[in-house]
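Chemist: For what it's worth, UniProt numbering labels the leading residue of the sequence shown as 1, then goes sequentially.
Using N, Cα and C, we set each Cβ at its ideal position, and we do this for glycine too.
Bear in mind the structure is a predicted one, so any value in this text is a computation, not a measurement.
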Amino acid sequence: MTIKEKLTKTGPKRLLALDGGGVRSAISLEILAELERTIRQTEGAPETFVLADYYDYIAGTGSGAFIAACLSLGMHVADICTQFTPIAIEAFAPTDSVYPVRSRQREEKLDKMLQELFGLDTLLGSDKLKTLLLLVLKAADSDSPWTLTNNPNAFYNQANQPKNNLTIPLWQLVKASLTTPIFICPEQIQLPTATLSMVDGSVSMYNNPAFLLFLNVTSPIYKINWPVGEDKLQLTSVGTGRNPGVNVNIGPKEVNPLFQMGAISSGLLQSASFEQDYLCRFFGRCVAGDVLTQEIGDMIGQKSGLPGKFFTYLRYDIELSNPNLFTIGLASIPAESVLAVDAVDALPALQLIGKTVAQNKVMAAHFTTRQTTNLGSKEVPSRLEMRGPVAEKRGVDFSFLGEPAKETPQQKDTLDEEKIQLAQGYEYQGNSSYDSWKWWIWVKGTEKTLDTVAYVTYYLHSSFPNPVRKVTDRKSKFRLDAVGWGVFLIRATITFKNGKEKQVTHYLELGYPDGTFTTK
1 MTIKEKLTKT GPKRLLALDG GGVRSAISLE ILAELERTIR QTEGAPETFV LADYYDYIAG
61 TGSGAFIAAC LSLGMHVADI CTQFTPIAIE AFAPTDSVYP VRSRQREEKL DKMLQELFGL
121 DTLLGSDKLK TLLLLVLKAA DSDSPWTLTN NPNAFYNQAN QPKNNLTIPL WQLVKASLTT
181 PIFICPEQIQ LPTATLSMVD GSVSMYNNPA FLLFLNVTSP IYKINWPVGE DKLQLTSVGT
241 GRNPGVNVNI GPKEVNPLFQ MGAISSGLLQ SASFEQDYLC RFFGRCVAGD VLTQEIGDMI
301 GQKSGLPGKF FTYLRYDIEL SNPNLFTIGL ASIPAESVLA VDAVDALPAL QLIGKTVAQN
361 KVMAAHFTTR QTTNLGSKEV PSRLEMRGPV AEKRGVDFSF LGEPAKETPQ QKDTLDEEKI
421 QLAQGYEYQG NSSYDSWKWW IWVKGTEKTL DTVAYVTYYL HSSFPNPVRK VTDRKSKFRL
481 DAVGWGVFLI RATITFKNGK EKQVTHYLEL GYPDGTFTTK
């Protein structure tokens with residue numbers, strides 16, 4: 001499908017926005033790999049499927065721009081991962097000099113790597129790009145953010161424009177997006193009538209380009225004019241890990257000008273990214289995302305006072321704090337070791353964090369609506385609200401994020417060729433309370449097979465206390481006990497003694513016997 005066909009096609013439009021974050025984009029890549037796998041399955045697509053087949057418009061800032069350009073060219077995420085590591089090392093690895101700016105030798109090596117990957121003659125307006133593409137850069141001379149796109153209708157993309165952005169080599173724009181001011185000198189982009197001096201757009205309000213992308217496809221200025229509506233636009237936003245920026249041991253004396261120099265810039269960038277995310281959740285129907293603040297919550301299923309939602313919104317990210325890493329089973333990774341954008345030595349740890357986040361948060365239900373006989377013929381979104389006398393009495397709704405049950409609560413999923421299964425039992429105590437549903441899940445198999453299992457890690461919804469639980473008790477057949485109700489998804493990873501792992505999803509459907517389920 002050509003760019004013009006993408007612009008004019010009928011049906012829902014799909015947008016993908018990628019944050020900047022230097023080497024922390026390794027987290028994004030692992031999430032994208034899971035998105036590619038999940039969407040391929042939900043779409044029933046062949047192994048040749050790439051995200052450019054699903055998304056119509058991809059945006060990126062900083063290192064996210066590099067990934068966005070690769071995706072737009074139709075690359076598989078696995079191939080981008082292979083390319084990212086050496087390029088990230090050249091772009092972000094610390095120097096031996098007292099000055100942080102890269103040597104010309106290293107910069108030339110980075111140039112060559114990008115030229116070989118994207119091609120010397122591949123321009124922003126190239127028909128090699130399979131999607132619309134938006135890159136956020138920053139003009140070094142005017143300190144203003146620039147959004148460059150391959151939208152043929154855009155003002156600065158017209159043939160009669162002396163500054164026709166479509167004639168700029170793609171590799172140079174990607175190089176500029178990797179040009180963090182303290183690391184690499186501004187990239188000089190030569191146009192027929194001007195020279196553009198560009199740097200990484202991450203040092204702007206748009207390190208998270210999600211809401212900017214929404215404005216780009218709906219504002220009349222850019223002449224795309226896609227219709228709005230939660231069934232007409234889908235916006236997926238992928239982060240690189242949030243820096244909580246908590247200084248619990250700092251006192252008034254330590255808040256000096258030197259401290260403020262670093263804290264102000266970091267705080268502004270974090271606040272800008274938060275605002276982009278918050279705006280997307282306010283104007284869109286959020287179906288996936290972490291809690292923003294204790295006051296705001298995650299806004300999943302919340303109304304905003306608007307007459308309707310302008311798009312469906314999915315946000316995948318993680319707070320890189322020690323408590324949070326502990327919660328997802330990665331307490332061995334110190335948060336401070338993975339926060340810096342130039343922490344190239346932390347790439348393996350970042351990849352592990354990304355894989356864990358992807359396994360725990362990316363769900364097929366986010367990309368499909370299904371029917372379940374228990375709830376009638378009404379389409380069920382990925383968030384279900386369970387209501388009853390106890391919920392009304394307490395003034396809250398108990399909610400679980402997940403997919404509707406496929407068949408029955410007793411459904412079993414085969415894990416591997418040795419017929420290991422997850423089995424489920426439950427008990428309803430009949431007192432119409434949240435605690436009235438007690439359920440348990442365990443590994444079922446032959447004694448010989450169970451002897452090969454080292455432990456099982458269960459991933460529950462984040463509304464549970466301790467949502468990640470590791471079970472090592474062989475005698476209990478690795479049984480997990482919990483209380484709760486709803487229609488929700490459990491993920492489990494079975495780790496064998498030989499180091500191999502098997503992953504499985506299991507659906508539970510638990511609620512009042514009288515069927516008092518309601519949806520938003």
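Is it the case that the Cβ atoms of A69 and V174 are separated by a distance below 8 Å?
Modeler: The sequence position of residue 69 within the sequence shown is 69, counting from 1. The sequence position of residue 174 within the sequence shown is 174, counting from 1. Cβ distance < 8 Å, so A69 and V174 count as in contact.
Chemist: Could you check how far apart the C-beta atoms of residue 537 and G60 are, in whole angstroms? I think they sit under 8 Å.
Modeler: Summary: the structure shown does not reach residue 537, with the chain confined to residues 1 through 520, and so no result is reported for it.
Chemist: Can you give the Cα-Cα distance for G11 and K4, rounded to whole angstroms?
Modeler: Along the sequence shown, read from residue 1 onward, the residue named residue 11 stands at position 11. Along the sequence shown, read from residue 1 onward, the residue named residue 4 stands at position 4. Cα-Cα distance, rounded: 15 Å.
Chemist: Going straight from the alpha carbon of K502 to that of T446, what length do you get?
Modeler: Residue numbering aside, residue 502 sits at position 502 when the sequence shown is read from its first letter. Residue numbering aside, residue 446 sits at position 446 when the sequence shown is read from its first letter. Between K502 and T446, the C-alpha separation is close to 17 Å.
Chemist: Give a yes or no on whether the C-beta atoms belonging to P244 and E187 are separated by under 8 Å.
Modeler: Taking the first residue of the sequence shown as position 1, residue 244 is located at position 244. Taking the first residue of the sequence shown as position 1, residue 187 is located at position 187. No. Outside cutoff.
Chemist: Skipping 5 residues on each side, what residues in its chain have a beta carbon closer than 7 Å to that of N150?
Modeler: Within the sequence shown, numbered from 1, the residue matching residue 150 stands at position 150. Hits under 7 Å: I3, L124, G125, L129, L132, L133, L166.
Chemist: With H, G and I counted as helix, E and B as strand and the rest as coil, what does DSSP make of S271?
Modeler: Indexing the sequence shown from 1 puts residue 271 at position 271. Note: S271 maps to helix in three-state DSSP.
Chemist: Roughly how many whole angstroms lie between the Cα atoms of Q270 and R242?
Modeler: The count along the sequence shown starts at 1 and reaches residue 270 at position 270. The count along the sequence shown starts at 1 and reaches residue 242 at position 242. Spanning the two alpha carbons is a distance of roughly 8 Å.
Chemist: From A343 to K138, what distance separates their C-alpha atoms?
Modeler: Taking the sequence shown and counting its residues from 1, the one referred to as residue 343 is at position 343. Taking the sequence shown and counting its residues from 1, the one referred to as residue 138 is at position 138. Distance between the alpha carbons of A343 and K138 is about 23 Å.
Chemist: Reducing DSSP to helix, strand and coil, say where K500 ends up.
Modeler: Counting from one through the sequence shown, the residue named residue 500 turns up at place 500. Correct three-state label for K500: coil.
Chemist: In this structure, what does DSSP give as the bridge partners for L149?
Modeler: Translated into positions along the sequence shown, residue 149 becomes position 149. In the sequence as presented, Leu is not what sits at residue 149; that position holds Thr. According to DSSP, T149 bridges with L134.
Chemist: If you run the structure through DSSP and keep just helix, strand and coil, what is Q161?
Modeler: By one-based count along the sequence shown, residue 161 stands at place 161. Residue state, collapsed to three classes: coil.
Chemist: Which partner residues does S63 have in the DSSP bridge list?
Modeler: Taking the first residue of the sequence shown as position 1, residue 63 is located at position 63. Beta-bridge pairing links S63 to no other residue.
Chemist: By DSSP's criteria, V238 is part of a beta bridge. Which residues make up the other side?
Modeler: By 1-based counting over the sequence shown, the position of residue 238 is 238. Looking at the DSSP assignment, V238 forms a beta bridge with L18, Y316.
Chemist: Pull up the CB-CB distance for V362 and I31, whole angstroms please, since I reckon it's below 8 Å.
Modeler: To locate residue 362, count along the sequence shown from 1; it is residue 362. To locate residue 31, count along the sequence shown from 1; it is residue 31. At roughly 7 Å, the Cβ-Cβ gap stays under 8 Å, so V362 and I31 are in contact.
Chemist: Is A194 helix, strand or coil by DSSP?
Modeler: For the purposes of this step, residue 194 is identified with residue 194 of the sequence shown, where counting begins at 1. Coil, per DSSP.
Chemist: Distance check for Q83 and A52, CA to CA, integer angstroms please.
Modeler: Numbered from its first residue, the sequence shown carries residue 52 at position 52. Numbered from its first residue, the sequence shown carries residue 83 at position 83. One C-alpha to the other measures close to 18 Å.
Chemist: Can you tell which of E295, K497, A423 has its C-alpha closest to the C-alpha of D481?
Modeler: Residue mapping note: residue 481 aligns to position 481 of the sequence shown, counting from 1. Nearest of E295, K497, A423 to D481, Cα basis: A423.
Chemist: Can you have a look at R315 and say buried or exposed, based on whether 16 or more other CB atoms are within 10 angstroms of its CB?
Modeler: Here residue 315 is taken as the residue at index 315 of the sequence shown, counted from 1. It counts as buried.
Chemist: Once DSSP output is grouped into helix, strand and coil, what is the label at D200?
Modeler: Numbered from its first residue, the sequence shown carries residue 200 at position 200. In this structure, D200 counts as strand in the three-state DSSP scheme.
Chemist: Grab the span of the alpha helix (DSSP H) containing T327 for me, first residue to last.
Modeler: What you label residue 327 is simply residue 327 of the sequence shown in a count that begins at 1. Segment 322 to 327, the alpha helix (DSSP H) holding T327.
Chemist: Please state whether DSSP places I333 in a helix, a strand or coil.
Modeler: Taking the sequence shown and counting its residues from 1, the one referred to as residue 333 is at position 333. The answer is coil: DSSP assigns I333 none of H, G, I, E or B.
Chemist: Could you spell out where the alpha helix (DSSP H) holding K175 opens and where it closes?
Modeler: Residue mapping note: residue 175 aligns to position 175 of the sequence shown, counting from 1. 170 to 177 is the extent of the alpha helix (DSSP H) around K175.
Chemist: Would you please state the rounded distance, in angstroms, between the beta carbons of Y57 and L15? I believe it to be under 8 Å.
Modeler: Indexing the sequence shown from 1 puts residue 57 at position 57. Indexing the sequence shown from 1 puts residue 15 at position 15. At roughly 5 Å, the Cβ-Cβ gap stays under 8 Å, so Y57 and L15 are in contact.
Chemist: Quick one: residues in its chain with C-beta nearer than 6 Å to the C-beta of V471, no 5 flanking neighbours on either side, listed in chain order?
Modeler: On the sequence shown, position 471 is the one that residue 471 refers to. Here the set comprises V456, F478, L480.
Chemist: Within its chain, find whatever has a CB closer than 8 Å to the CB of I67; leave out the 5 residues flanking it on each side and keep chain order.
Modeler: Mapped onto the sequence shown, residue 67 falls at position 67. Only L18, S25, S28, L29, L32, G60, I80, F84 meet the Cβ criterion.
Chemist: In terms of residues, what are the limits of the beta strand (DSSP E) holding R469?
Modeler: On the sequence shown, residue 469 is found 469 positions in, with the first residue counted as 1. Start and end: 468 to 471.
Chemist: Express the C-alpha separation of T495 and L213 in angstroms, rounding to a whole number.
Modeler: For this step, residue 213 is matched to residue 213 along the sequence shown. For this step, residue 495 is matched to residue 495 along the sequence shown. Approximately 41 Å between the Cα atoms of the pair.
Chemist: Could you tell me the distance, in whole angstroms, from the CA atom of C185 to the CA atom of T179?
Modeler: Against the sequence shown, residue 185 aligns to sequence position 185. Against the sequence shown, residue 179 aligns to sequence position 179. If I take the Cα positions, the gap works out to 7 Å.
Chemist: How big is the Cα-Cα spacing for M299 and S337?
Modeler: Taking the sequence shown and counting its residues from 1, one reaches residue 299 at position 299. Taking the sequence shown and counting its residues from 1, one reaches residue 337 at position 337. Using only the alpha carbons, I get a separation of about 31 Å.
Chemist: Strictly by DSSP, which residues pair up with C286?
Modeler: Stepping through the sequence shown from its first residue, residue 286 is reached at position 286. Answer is Y313, bridged to C286.
Chemist: Can you say whether D317 is buried or exposed, counting buried as having 16 or more other CB atoms within 10 angstroms of its CB?
Modeler: Counting from one through the sequence shown, the residue named residue 317 turns up at place 317. Buried.
Chemist: Return the CA-CA distance between T493 and I296, expressed in angstroms with no decimal places.
Modeler: Locating residue 493 in the sequence shown gives position 493, counting from the first residue. Locating residue 296 in the sequence shown gives position 296, counting from the first residue. Roughly 32 Å between the two C-alpha positions.
Chemist: How long is the line joining the alpha carbons of T48 and A78, rounded to whole angstroms?
Modeler: Here residue 48 corresponds to residue number 48 of the sequence shown, with the count starting at 1. Here residue 78 corresponds to residue number 78 of the sequence shown, with the count starting at 1. So the alpha carbons of these two residues sit roughly 12 Å apart.
Chemist: Quick one: what's got a C-beta closer than 6 Å to T240's C-beta in the same chain, skipping five residues either side?
Modeler: Along the sequence shown, one-based indexing puts residue 240 at 240. Result list for T240: D19, G21, R24, S25, I27, S28, in chain order.
Chemist: Looking only at C-alpha atoms, which of A454, F367, E116, T452 sits nearest to G44?
Modeler: Here residue 44 refers to the residue found at position 44 when the sequence shown is read from its first residue. G44 has its Cα closest to that of F367, out of A454, F367, E116, T452.
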